[in-house]
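S.K.: First, the structure itself, so that you have it in front of you.
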Amino acid sequence: MEIQCQECNGSGIVPVYRGCNQPPSNCCGGCEVDEFCEDCKGSGIIEIDPYEYIEKHREDLHEEILDLKDKLVDFFNKEIVEEYLLEVSKNL
Numbered sequence: 140m141e142i143q144c145q146e147c148n149g150s151g152i153v154p155v156y157r158g159c160n161q162p163p164s165n166c167c168g169g170c171e172v173d174e175f176c177e178d179c180k181g182s183g184i185i186e187i188d189p190y191e192y193i194e195k196h197r198e199d200l201h202e203e204i205l206d207l208k209d210k211l212v213d214f215f216n217k218e219i220v221e222e223y224l225l226e227v228s229k230n231l
């Protein structure tokens with residue numbers, strides 16, 4: 140299974156800051172350079188074992204599923220209420 144690299148957000152590139160002994164007022168802008176992400180080797184994608192990923196992120200995935208369920212319930216309840224109000228308004 141492939142997922143987007145979390146370290147570089149799928150870009151394959153991360154900013155790296157080099158040490159500098161200059162005060163901020165003397166900044167040349169050269170302390171930050173872009174380098175290939177070490178986690179994904181610059182591809183932006185990481186190959187993982189899906190079973191290992193699920194086991195590692197079980198609680199987070201469970202929370203995401205519960206949040207999505209709540210949003211879907213709210214959405215459909217809103218749609219049902221709006222349809223009902225529309226029908227009632229037609230009958231007035």
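Residue numbers (the numbering used here): 140 to 231.
Note that beta-carbon positions come from the ideal geometry of N, C-alpha and C, so glycine has one too.
#1: Measure the alpha-carbon distance for G151 versus E171 and round it to whole angstroms.
#2: How far does the alpha helix (DSSP H) with E191 in it reach, from first residue to last?
#3: Leaving out five residues before and five after E141 in sequence, what residues of the same chain have Cβ atoms less than 6 Å from its Cβ?
#4: Start and end of the beta strand (DSSP E) containing L145?
#5: Between the alpha carbons of G169 and Y156, how many angstroms are there, rounded?
#6: Can you name the residues that DSSP bridges to I152?
#7: In the DSSP assignment, what are the bridge partners of I185?
M.R.: To lay it out plainly:
#1: Approximately 16 Å, taken between the alpha carbons.
#2: E191 -> alpha helix (DSSP H) spans P189 to K195.
#3: Cβ within range, chain order: I184 and E186.
#4: The sequence given here has Gln at residue 145, not Leu. From DSSP, Q145 is part of no beta strand (DSSP E); its letter is neither H nor E.
#5: Near 9 Å, if we compare the C-alpha coordinates of Y156 and G169.
#6: By DSSP's assignment, I152 forms a beta bridge with F175.
#7: Answer by DSSP bridge pairing, in chain order: I142.
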